[in-house]
Each structure stands twice: as C-alpha cells, then as structure tokens.
Amino acid sequence: FPGLVAAALVAPEDGASAAEAAGCWDVVVPAVPAGLAALPGLVARALARRRDSASRSVASAGLLESFLDALPLPVFFKDVEGRYRVCNRAFAGTILGLPKEAVAGRTIGELSEAIPPDLGAVYRDADRRLLASGDTQVYEAPVRCADGEEREFFFRKVLHRDEAGIPRGIVGVMLDITERKRAESSARAAEARLRAVFEAVPDGIFLKDADGRYTMANAACHRIYGRAPGSLVGRTAEDAFGLEVAGHVRQADARVLAGERIETELEMTVEGEVRTMRVVKVPLDPVSGAGAGVCGVARDITLERRAGERLVGAERMQAVGQLAGGVAHDFNNQLVAILGYADILREEFDGHPEWRRHVELVLRAARRSAELVRQLLAFARRGRYQHRAVDMHELLEEALALLVPGFHPSVRISKTLGAASPVCTSSL
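Those letters in the sequence shown? Residues 1476 to 1903, by our numbering.
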C-alpha cells in the first residue's frame, strides 16, 4: 500500500486502538508476519477516517458560515487582489443588497452597482495602506447601504497571513456608528447652546472641584470679580482673591461640599472699589447631595444695595418732611400772634426810638421765621412757594443783628461782605 503515510508504528494486537487514540488516518503495519492479518481492517478504518474528516471539514465550514451569518456586524474576507472570498449575510445583504454568491470573487470596482465609485476609492486606498504597513487598521468612513441611506461605519481590518507569514488577504469587521455619531452631534449642539447661554448670562457662573479650584467660569464671572477673561480657571480662591476673602469662600465651600445650599453676601475690593457680591452655591451633584464640586452663581448687588440705601433715605426724608410740615403749621400759628403783638408794641414805642428798634428786630425775625415756615411747608409739599432773587448780604446782616445781642461781650464778629453779586435765587 504505497499510498499510506506512516503516522505511528503500532503492534497488530493494539494497532487499531492506538492509531485511533492518536487520531491517525494512515498507518503502516509493522514488518512482522502477524501484522498482515490486521492490514485490511486498518486500511478500512483509515479510509473511513478520511471520509469522516472530510465530513467534519464540511460541517465545520457550514458551522462557520452559520456563525458569521448570525453576527449582526458585517464581516468580509478579501484576497490580496481585492476579491471578496468570504462575507456574511449582513455584509452582502445589508451593505451591498446582493446575495453572498453574487459577491464572492468580485472586486470593489466590479461591484459598482452596490458601491459608489467615490466611496470605492476610499476603501481601495485603505486596503493599499494596510497591505503596505501590515498593521491593524482602524478608521471611520461613510457607507452607502442597500436601502440607499449613507451611514457612518467603524472599520477594523487585519491582514491574514499563511504559515510562512506571507499576507494572503484582509479580514474586516464593520460597526454601524451612525446613531452614535448623531448622538455625538446632538450632544455637541446642545453643549454649544448651553455654552452660549453660559456666556450670555449677566450673572457670574462658575464650577469648582472638590479642592476649590475653578474648572469653569463665564465671562460675567471674570468681569464681576475684576479678573482678566479666562484667568480664574485652574486657580483657587487664595490665588485669585487673597487670604482674607479666600477664608470666607473656603468656609462657604466646605458647607456646600457637605451637601448644603447656601446664599451669602461678600464684600471685596474690585478695581479699587468695595463691591458687594451675592453668591448662591449648590453641590455639583445635587442628586446625591454629595460634593464632587461646587456650582455657584455670583451677582454684583452694589448698585442694588446703594439704591436700597437711597430709598431708605428718601423714606426717612419723607417722614421728616411730614413731621416738619406738622411742626411748621403749628409754629406758623404762633408766629401770627408774635407778629400781631410786635406790631402793637411798635406803635406803643413810637416815642422811644431805641425800644422801637428792638421791636423792629423782633418783627424782622418773626417775618424771617415765617419765611422759614413757608420753606418747611414747601419741603413737606404743603405750601406754595416760588423762586425769586434774594440779597444774601441783606440776609446775613439781619441774621447778625439777631445773633450778636446774645453773644458774650468778649466775642467779636468781623464780616466781609464783598460779593460782586450778592443776589441769588431761592425758593420762598
């Protein structure tokens, strides 16, 4: 039997079992006479094993084909000439819209009815690079599918080599990443919208990590804190504001990192001016309440605070005006009596010039008081008043005439009334 190749030498009595155990298909009977009796059985079993091996190869090939067709990912193998030799149903049907038999043995160029020329050029160029480099190739490229829709795919290709290491073809697997790409595009668009809102908000918005370092801060935050654009990111409160302010900031941040939501007001010097900031801070992970970081919103309320103070002042002035109006009204009633009795005294002292002069001073003071009452009523919006010219020199003379008699004799008053134009406008 010259066609039999020795795989093992076996004894006739155990030759069959040993050969079978070794998985041998062909055996040689030892050159002992007793072995000839076992030769027909050995040959028969060897031939049966060949048939079983061929059957197993066919079965293995069928199993591999079923396995590839069960995969949802397109898989293919092409030789070094670019001819498809093996592909699964997902590649042939979903990608090319052809049966597998119509794909086998054809190149990209010969499948122009299924692969547009422009995309085919991309795939051929990628194959050439892989054959030249020998490395694993990973890339993303558009693919025109059988339904006419162009979708994005992730390609992973490797070279198939024979036992001698010579490249025999390319094995490729494709993954449809269209939905992922769309999700990424939507995420980028959403991020761009949020970034636009983040930068457009007039309040300062910032994020910090657990170490108190700014990780994000919008333009308003830099403007409110008087810092150059982008200078806060990567810095701590100590770096940005100094130790005094940083102490308050650190205390507030510690409470937020513990899960609190806080609102504080902080005074700090910005560009040489003391400004008041209202800052609201919440944990960066509000769901769990734990502090992976701090999210804050800062607003400069300096003008608001000043406006509030002005409002309080206006309300106080209004109260003073109301009080002044009431006092002036009562005082005006008393002045009427003073003026009346002063007129009577002036007539009584007609023959006494010195006393009459004193009464005249009383009358002038009473009239001046009456004018002050009118001004108080005007301040309280209860009287009628008008603007008219007033001689300030004359007013000062009258005031001194009233005040000097009450001064101590050692007090000397000197006056210099040298205004070129002593007349001014006053509300009377």
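Backbone N, C-alpha and C define an ideal beta-carbon position, used for all residues, glycine too.
Nothing here was measured: the structure is a model prediction, and the numbers come from that model.
* Nearest candidate by alpha-carbon position, reference Y1614, set Y1598, A1721, R1564 -> Here the closest residue by C-alpha is Y1598.
* Can you tell me which of the three DSSP states D1610 falls into? => If DSSP states are grouped into helix, strand and coil, D1610 belongs with coil.
* Pick from H1827, R1791, G1815: whose alpha carbon is nearest that of V1837? -> V1837 has its Cα closest to that of G1815, out of H1827, R1791, G1815.
* Measuring CB to CB, does A1817 end up less than 8 Å from V1802? -> Not closer than 8 Å, so no.
* With a threshold of 16 other CB atoms inside 10 Å of the CB of L1707, please say whether the residue is buried or exposed. => With 16 or more Cβ atoms within 10 Å of its Cβ, L1707 is classed as buried.
* Proximity below 8 Å, CB of I1737 to CB of M1752 -> No. Outside cutoff.
* Leaving aside the five residues before and after A1512 along the sequence, list all residues of the same chain whose C-beta is less than 6 Å from its C-beta, in chain order. => Any answer about A1512 is weak, because its pLDDT of 48 lies below 50 and its placement is not dependable; what the coordinates show is given next. Excluding residues up to 5 positions away in sequence, nothing lies with its Cβ nearer than 6 Å to the Cβ of A1512 in the same chain.
* Starting from the N-terminal side, write out each stretch of the beta strand (DSSP E) that is 3 residues or longer and does not extend beyond the stretch 1700-1736. => Within the stretch 1700-1736, no complete beta strand (DSSP E) run reaches 3 residues.
* To do: Pair every Cβ in the stretch 1692-1703 with every Cβ in the stretch 1665-1676, then say whether three or more of these pairs are closer than 8 Å.
  => Judged by Cβ distances under 8 Å, the stretch 1692-1703 makes contact with the stretch 1665-1676, as three or more pairs qualify.
* Extent of the continuous beta strand (DSSP E) to which D1651 belongs -> Counting along the chain, the beta strand (DSSP E) containing D1651 begins and ends at 1642-1651.
* **Other residues of its chain near D1686: CB distance less than 8 Å, five sequence neighbours each side excluded** => Contacts found: T1711.
* Following the continuous beta strand (DSSP E) through L1810, name the residue where it begins and the one where it ends. => Element bounds for L1810: not the beta strand (DSSP E) but the alpha helix (DSSP H), 1777-1823.
* **F1542 and G1647 closer than 8 Å at C-beta** => F1542 places its beta carbon 8 Å or farther from that of G1647.
* Asked: Sorted by chain position, which residues of the same chain lie with C-beta nearer than 6 Å to G1557's C-beta, five sequence neighbours on each side aside?
  -> Same-chain partners within the cutoff: T1582.
* To do: With E1576 as the anchor, note down where its alpha helix (DSSP H) starts and where it stops.
  => Element bounds for E1576: 1575-1578.
* Between the CA atoms of A1665 and E1585 - distance to the nearest angstrom -> Whole-angstrom Cα-Cα distance: 43 Å.
* Asked: Just checking my contact of L1741 with V1754 at CB under 8 Å: how many whole Å lie between their CB atoms?
  -> Confirmed, about 6 Å.
* Asked: Thinking C-alpha only, which one of A1789, H1868, I1680 is nearest A1895?
  -> Closest by alpha carbon: H1868.
* To do: Report the three-state DSSP secondary structure of L1546 (helix, strand or coil).
  => Looking at L1546 - three-state DSSP - the assignment turns out to be coil, as it is neither helix nor strand.
* beta strand (DSSP E) runs contained entirely in the stretch 1662-1695, provided each spans 3 or more residues -> The stretch 1662-1695 contains these whole beta strand (DSSP E) runs: 1679-1684, 1689-1692.
* Asked: Mind checking whether R1626 and D1651 have CB atoms under 8 Å apart?
  -> D1651 sits close to R1626, with the two beta carbons spaced by under 8 Å.
* So is L1875 buried or exposed if we call it buried at 16+ other beta carbons inside 10 Å? -> Exposed.
* Per-residue burial, F1681 [other beta carbons within 10 Å of its own, 16 or more giving buried] -> Buried.
* Got a sec, what are the start and stop residues for the beta strand (DSSP E) K1890 sits in? -> Segment: none, K1890 is in no beta strand (DSSP E) and carries neither H nor E.
* To do: For A1773, name the three-state secondary structure that DSSP assigns.
  => Residue state, collapsed to three classes: strand.
* Asked: How would you write the range of the beta strand (DSSP E) that P1884 sits in, first residue to last?
  -> P1884 -> no beta strand (DSSP E), and no H or E assigned at all.
* Helix, strand or coil at R1558 [DSSP, three-state] -> Reduced to three states, the DSSP call for R1558 is coil.
* Return the chain-ordered list of same chain residues with a C-beta closer than 7 Å to the C-beta of G1771, the five sequence neighbours on each side being excluded. => Here the set comprises F1681, V1754, V1755, K1756.
* **DSSP three-state assignment for D1593, whether helix, strand or coil** => Helix, per DSSP.
* 8 Å contact criterion, which P1591 and R1619 should meet: CB distance rounded -> Correct: roughly 5 Å between the Cβ atoms.
* To do: With a threshold of 16 other CB atoms inside 10 Å of the CB of T1744, please say whether the residue is buried or exposed.
  => Classification for T1744: exposed.
* **CB-CB length for A1845 against L1810, believed under 8 Å** => The pair is a contact, with the Cβ atoms about 5 Å apart (cut-off 8 Å).
* Rounded C-alpha distance that separates A1715 from A1721 -> Whole-angstrom Cα-Cα distance: 8 Å.
* Could you tell me whether the stretch 1623-1637 touches the stretch 1599-1609, where touching means 3 or more Cβ pairs closer than 8 Å? => Result yes; three or more Cβ-Cβ pairs closer than 8 Å.
* To do: Leaving out five residues on either side along the sequence, give the residues of the same chain with a beta carbon under 8 Å from the beta carbon of Y1689.
  => Excluding positions up to five away in sequence, the list reads F1681, L1682, K1683, L1707, V1708, G1709, R1710, T1711, A1715.
* Could you check the C-alpha separation between R1452 and M1792 for me, to the nearest Å? => The requested residue 1452 does not occur in the structure, where the chain is confined to residues 1476 to 1903.
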